[in-house]
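This report refers to the structure that appears directly beneath it.
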Amino acid sequence: MKTLLLTLGLGAIGCLAQATAPETVLTNGTIYSLDSKSSVFRRGEVSFANGTILCIGAEGACAKDATDKTRIVNLQGKTVLPGLIDAHAHPIDAGRAMLDRLNTNRPVMLIATNQHNVWLNTRGLRALNITSATANPPGGRIGKDANGFPTGVLEENAAGPARALSGDRGITDLDAAIAGLTVLRQQGFTTILNALATPTRAWKTLARDNRLTARIFNAFGVFGSLDFDAIAAQARNATQQLDDGAMVASRPGEFWRHVKFFVDGVLPAVSQSAMLVTPYLVNNSNTWVPGTNFGIPGSTSAQLEDLFTKILGINQGLHLHACGDAGVRQILTVAARMNRTFTPSQVAVAHAELVHPDDLAKFATLGVPAVMSYQWAQKATYWNEPSRLTLGPERMARTEPHTGILSAGGLLVYGSDWPVDPLDAFLALKVGVTRSGDASNRNSHSSFGPQFVGRLDTQTGLTREQALRGMTVSATTYLEQEKLVGSLEKGKFADIIVTDRDFLDARAVPDEELGRNRVLLTLLGGRPVWANATWVPQDWTATAKALEDTAIAQRLNTRNILPRSISGRQCQHGSHEY
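Those letters in the sequence shown? Residues -17 to -1, 1 to 561, per mature numbering (1 follows the signal peptide of the UniProt record, and there is no 0), in order.
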């Protein structure tokens, strides 16, 4: 009986604490729930306490029960959305890129903006014992000149040993994480998947100091390794040592639930390492005909099937990079051989830039999400003339098949691949809808010159809601956290952003202006982590500003991260377009 009374007593105390906890009501805003009914509340309200949403509805629905302890925040008509989710980013790499300083007193490695290839100076080649006699490793390529001398360029798996020796590049994981989080919260991202993660204490240190401002999912990965037993063991150890378990509303954490693997490379002509069903085209007397290059496979199908077995066998999900149609097909074929359907988090294809029409419906049939970078569906330097010519018009017309996958019933999820491109949430959403950039936005290739203005192709763009769902509730479906985050509903976490403009209102914001939006307030579990508006309560502004008042945040130079291009300016050396 004493035990029973004690249990009831604790329950009563818990309920009492919940009832008397300070409540906040955000009022006078246009609130998009993004629930299953796509509920919208004009001049609506949402309230929360202890990091969890208590009420959402029309004006007066939440404030009617306010007490003298309730905080009422007037949003002055601004737009309220769920916190954004980036299901494929590299926040620590991005933080290093914004803070890095070159040290030429040692071997130097430059990482290509596509993150797949590297260039080494002579000292770097010597450190790895790479000579003219060094053969290409499986899934990789060592660049050599006409005389067979190494040029310093290492592609795909050949870059793995160099990256393994690179250390922290002079920037600690902690500093890089602080830098990455600064940009993420300013953009309204409250949850991310770190898409090539190795164990680090950075996230735990930030959580301990109350400076972790996003929920961090990690996909363990080792670039270029085919030792699947070792990968499985390391991934399992990372989960056992670092995973925080169940998500908590008011306490962001880190979660190790996935393994990253590269099935192929990248499509642009500078590499041509993505796997294709038919080969890249080559110039034969000004006629472009099939050559002999099908790309660089990261593994054989048998090896990939072994990876499936080992990683799913330890209850981890596979986050698989594949850009070319043959790379995507290899994943779907191996998945089909498993003779099962998958939960969303178990197998995902990252990027899927080129998908054969025969394979579009297989994403839905197998239950495999596509994690795609909307911003790649704009005219851009990576779709320059050599890239278009080597792919040919038929393939170019079906690149970035966002609506193709979605229309066939597949789950479409957004992943920026930052820092391969700048982190610009609303530019990405704009490109997803219009398949064109914005010349007024320096992060868009349209700003580089008139040759990058206009639609990439004639494919139908996403609707505004489809694009936004890929960055919110669909992303949480992939992460299997849809009961907690991704939409604004009673009982879910108060991960909320307030924006300057109404992205979903075509009358208020025309298509060409979709990318011109600012995040005014970011709340993570009800805690203000970014504030940039006069109507925000002063103590919230102070709390958010304290996160910015660090030496790392002051050193940030986001202009160091350019889209996948050589220059952010229009070339002045003639009429060529790359």
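Built from N, CA and C at the ideal position, the CB exists for glycine as well. Since the structure is predicted, the reported quantities are computational estimates derived from the model, not experimental observations.
Identity of the residue in the options nearest residue i by Cα
i: Arg418; options: Phe245, Ala197, Ala380, Ala229; result: Ala380
i: Gln299; options: Ile36, Ala145, Val8, Phe211; result: Phe211
i: Gly143; options: Arg219, Ser208, Lys47, Ile535; result: Ser208
i: Thr446; options: Ala190, Ile294, Asp494, Leu37; result: Asp494
i: Trp186; options: Phe245, Glu237, Arg146, Val338; result: Glu237
i: Thr326; options: Leu303, Val249, Tyr461, Gly420; result: Tyr461
i: Gly498; options: Gly469, Asp488, Ala408; result: Ala408
i: Val260; options: Gly281, Gly307, His241; result: Gly307
i: Thr50; options: Arg501, Asp341, Val311, Ser30; result: Ser30
i: Glu42; options: Ala525, Gln59, Lys20, Leu315; result: Gln59
i: Gly34; options: Phe206, Asp478, Asp342, Val519; result: Asp478
i: Phe172; options: Thr188, Ala197, Asp192, Thr155; result: Ala197
i: Ser254; options: Ile279, Val332, Pro121; result: Ile279
First through last residue of the alpha helix (DSSP H) which encompasses residue i
i: Glu6; result: No alpha helix (DSSP H) contains Glu6, which DSSP labels as neither H nor E.
i: Arg447; result: 447 to 453
i: Gly310; result: 308 to 320
i: Lys413; result: 408 to 417
i: Val166; result: 156 to 169
i: Leu530; result: 521 to 531
i: Leu389; result: 385 to 390
i: Asn220; result: 211 to 225
i: Met379; result: 376 to 379
i: Leu189; result: 185 to 191
Contacting residues, own chain, Cβ-Cβ under 7 Å from residue i (five flanking each side not counted)
i: Ser399; result: Asp69, His71, Ala72, Ser356, Leu406, Ala411
i: Ser457; result: Leu394, Leu395, Val396
i: Asp485; result: Thr13, Thr62, Ala491, Val492
i: Ile125; result: Ile113, Thr117, Asn119, Pro133, Leu137, Ala141
i: Ala347; result: Ala391, Gly392, Gly393
i: residue 562; result: Residue 562 lies beyond the range of the chain shown here (-17 to 561); nothing can be said about it.
i: Ala500; result: A quick correction: the sequence has Asn, not Ala, at residue 500. So the list reads Phe409, Thr482, Asp483, Arg484, Phe486, once near-sequence residues are dropped.
i: Phe435; result: Lys362, Ala363, Gly420, His428, Ser429
i: Leu467; result: Met230, Lys475, Phe476
i: Glu463; result: Thr326, Pro327, Ser328
Status (buried if at least 16 other CB within 10 Å, exposed otherwise) for residue i
i: Pro5; result: exposed
i: Thr482; result: buried
i: Arg79; result: buried
i: Val8; result: buried
i: Gly66; result: buried
i: residue 637; result: In this structure the chain extends from -17 to 561, so residue 637 is not present and cannot be described.
i: Thr23; result: Note that residue 23 is Val in the sequence shown, not Thr. Exposed.
i: Lys52; result: exposed
i: Asp532; result: exposed
i: Thr283; result: exposed
i: Gln521; result: exposed
i: Ala180; result: buried
i: Lys475; result: buried
i: Pro433; result: exposed
i: Ala159; result: buried
i: Gly444; result: buried
i: Asn100; result: buried
i: Gly437; result: exposed
i: Arg312; result: buried
Limits of the beta strand (DSSP E) - the one that residue i falls within
i: Glu28; result: 23 to 32
i: Phe245; result: 237 to 245
i: Lys127; result: 123 to 127
i: Ala510; result: Residue identity differs from the one stated: residue 510 is Arg in this sequence, not Ala. Its beta strand (DSSP E) spans residues 510 to 514.
i: Val468; result: It is not in any beta strand (DSSP E) - Val468 carries neither H nor E in the DSSP assignment.
i: Ala180; result: 172 to 180
i: Thr198; result: With the sequence shown as reference, residue 198 is identified as Arg, and Thr is not the correct amino acid for it. Unbroken beta strand (DSSP E) run through Arg198: 198 to 203.
Identity of the residues DSSP links to residue i by a beta bridge
i: Thr326; result: None, per the DSSP bridge assignment.
i: Trp366; result: None, per the DSSP bridge assignment.
i: Ile294; result: Its beta-bridge partners do not exist; DSSP assigns none.
i: Cys38; result: Ser30
i: His304; result: Phe245, Ala333
i: Met355; result: Tyr397
i: Asp485; result: Its beta-bridge partners do not exist; DSSP assigns none.
Proximal residues to residue i (C-beta, below 6 Å), its chain only, five neighbours per side dropped
i: Thr222; result: Trp239
i: Ala252; result: Pro369, Ser370, Thr373
i: Leu389; result: Leu395
i: Trp523; result: Pro511, Ala514
i: Leu64; result: Tyr15, Ile480
i: Leu85; result: Low confidence applies here, because Leu85 scores a pLDDT of 48, under 50, leaving its location unreliable; read the following figure in that light. Within the same chain, Leu85 has no close Cβ partners at all.
i: residue 571; result: This structure leaves residue 571 out entirely; the chain is present only between -17 and 561.
i: Ala309; result: Met258, Leu259, Val260
8 Å CB neighbourhood of residue i in its chain, flanking five on each side removed
i: Phe291; result: Leu301, Val317, Ala318, Met321, Val330
i: Leu539; result: Met81, Leu82, Ala162, Thr165, Val166
i: Asn177; result: Ala72, His73, Pro74, Ile75, Ile199, Phe200, Asn201, Ala202
i: Arg54; result: Pro5, Glu6, Thr7, Val8, Pro520
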